[in-house]
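Written out below as structure tokens is the structure these notes cover.
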Ligand code: GDP
Ligand code: MN
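Residue numbers (the working numbering): 278 to 662.
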């Protein structure tokens with residue numbers, strides 16, 4: 278789960294990382310009010326969960342409160358990378374001497390968290406990583422030992438930070454590490470970390486991504502989830518314990534197990550088709566959950582065919598089949614559905630489905646073949662055999 282910049286900055290502030298004074302505004306009038314409280318010279322920042330807001334025109338400097346009102350109105354009417362802007366952050370403007378980068382994420386090949394720092398932070402960090410990789414400093418941190426002072430100094434030296442800033446920088450780095458660990462984050466990032474003309478270090482931007490699997494441990498963070506910023510189907514799916522991710526293709530997939538769902542999507546691709554979603558109904562799926570899964574897939578108007586791939590281990594195939602029948606009775610889908618059931622009680626499951634209008638398949642390859650063919654026929658009104 279990604280946090281908004283203003284939410285990340287609240288956490289920064291609580292953990293002792295300096296951030297600009299600022300407040301969130303829902304309207305241009307509110308932005309004007311906040312700007313006048315802050316003395317007029319402010320930066321107006323779109324709160325959307327994507328990077329590159331600056332380059333898209335979603336971060337603008339205002340000279341005074343009227344300017345702030347106007348810019349806020351413009352930004353509140355924008356869409357950035359397809360996401361409408363509902364709120365803006367109004368921050369006191371900083372005077373920038375230089376922009377640095379500081380972040381922590383997981384290095385999967387090292388199997389360790391890694392600190393990343395650069396003297397060339399700001400909006401072009403991705404480009405720097407490609408064209409001047411020597412300007413990106415990486416320091417892996419042993420999670421059992423935690424962060425050590427010498428590692429903060431290694432980062433400071435690596436980005437040529439003036440020695441008189443090392444102490445403050447080290448504190449910021451330690452605090453960032455504490456945020457990363459105690460919130461079960463997969464990413465924490467300050468870009469830019471700014472050295473101001475007054476010689477202080479301050480976090481002008483903030484990004485935090487929390488590991489979804491850890492959210493039950495952090496109910497306060499789970500509450501920060503911005504439902505406006507997510508696909509409604511994904512929210513609906515989460516309510517029923519389903520993992521659903523919408524994609525661009527036209528073959529809906531209903532699968533039990535994340536690995537099997539990935540394999541199912543792969544094989545659809547291999548046969549020349551495009552999956553419309555990733556959907557893992559999990560183990561021991563009840564009839565109710567299966568019905569909900571079908572409901573969610575069918576809500577996607579792009580879907581032309583559905584491939585159901587169930588491996589019965591803990592989940593019994595007959596239970597899935599019953600779920601299927603309940604759902605079909607309720608929803609009455611009018612598009613081809615191909616189903617493959619193997620494993621525990623597969624035969625019983627198949628028998629239950631024998632009189633329905635589902636197309637059964639012998640193997641996963643056979644199922645993918647049939648689903649791809651059905652999706653090409655593009656006849657939504659025709660029930661499957
Ligand atoms: P992003 O583009 O989504 O990463 O948004 P940022 O919050 O990082 O802002 C983009 C850029 O706007 C920064 O790299 C700065 O160059 C500039 N910027 C942001 N806040 C201020 C500010 O208070 N003063 C000045 N002068 N520039 C700012
Ligand atoms: Mn940024």
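The beta carbon of each residue, even a glycine, is placed where N, CA and C say it ideally should be.
Can you tell me whether residue i is buried or exposed, with buried defined as 16 or more other CB within 10 angstroms of its CB?
i, result
"residue 446", "buried"
"residue 653", "exposed"
"residue 646", "buried"
"residue 419", "exposed"
"residue 392", "buried"
"residue 440", "exposed"
"residue 661", "Low local confidence applies: a pLDDT of 39 at residue 661 is under 50, so the model's placement there is unreliable, with the coordinate-based value given in what follows. Per the 10 Å Cβ criterion, buried."
"residue 437", "exposed"
"residue 596", "buried"
"residue 294", "buried"
"residue 658", "Here residue 658 scores only 43 on pLDDT, less than 50, and its place in the model should not be relied on; the value that follows carries that caveat. Per the 10 Å Cβ criterion, exposed."
"residue 309", "buried"
"residue 600", "buried"
"residue 586", "buried"
"residue 337", "buried"
"residue 628", "exposed"
Do you know offhand how far residue i's Cα is from residue j's?
i, j, result
"residue 297", "residue 641", "56 Å"
"residue 372", "residue 511", "41 Å"
"residue 364", "residue 335", "11 Å"
"residue 345", "residue 286", "21 Å"
"residue 598", "residue 492", "32 Å"
"residue 554", "residue 489", "19 Å"
"residue 502", "residue 280", "7 Å"
"residue 508", "residue 632", "35 Å"
"residue 320", "residue 467", "17 Å"
"residue 625", "residue 594", "7 Å"
"residue 513", "residue 578", "16 Å"
"residue 442", "residue 544", "54 Å"
"residue 568", "residue 580", "17 Å"
"residue 322", "residue 348", "10 Å"
"residue 712", "residue 312", "This structure does not reach residue 712, given that the chain is present from 278 up to 662, and the question cannot be answered."
"residue 539", "residue 530", "10 Å"
"residue 459", "residue 423", "12 Å"
"residue 350", "residue 583", "44 Å"
"residue 505", "residue 496", "19 Å"
"residue 399", "residue 556", "37 Å"
Could you tell me how far apart the beta carbons of residue i and residue j are, in whole angstroms, since I believe they sit closer than 8 Å?
i, j, result
"residue 588", "residue 533", "6 Å"
"residue 454", "residue 381", "7 Å"
"residue 325", "residue 357", "5 Å"
"residue 616", "residue 637", "6 Å"
"residue 462", "residue 470", "Contact flag wrong, Cβ pair sits at about 17 Å."
"residue 374", "residue 486", "The pair is not a contact, with the Cβ atoms about 29 Å apart (cut-off 8 Å)."
Whose CA, out of the options, lies closest to the CA of residue i?
i, options, result
"residue 523", "548, 552, 541, 516", "552"
"residue 666", "559, 521, 590", "No information on residue 666 is available, as it lies outside the stretch 278 to 662 that the chain covers here."
"residue 450", "547, 421, 395", "395"
"residue 526", "518, 463, 542", "542"
"residue 329", "483, 500, 411", "483"
"residue 476", "444, 651, 519", "444"
Could I get the ranges of all uninterrupted beta strand (DSSP E) runs contained in the stretch 352-435, with 3 residues as the minimum, in chain order?
365-369, 373-384, 389-395, 413-417
Which runs of the beta strand (DSSP E) spanning at least 3 residues fall entirely within the stretch 508-586, listed in chain order?
520-523, 528-532, 554-557
Can you list the alpha helix (DSSP H) stretches of 4 or more residues lying completely in the stretch 435-511, in chain order?
443-459, 496-499, all fully within the stretch 435-511.
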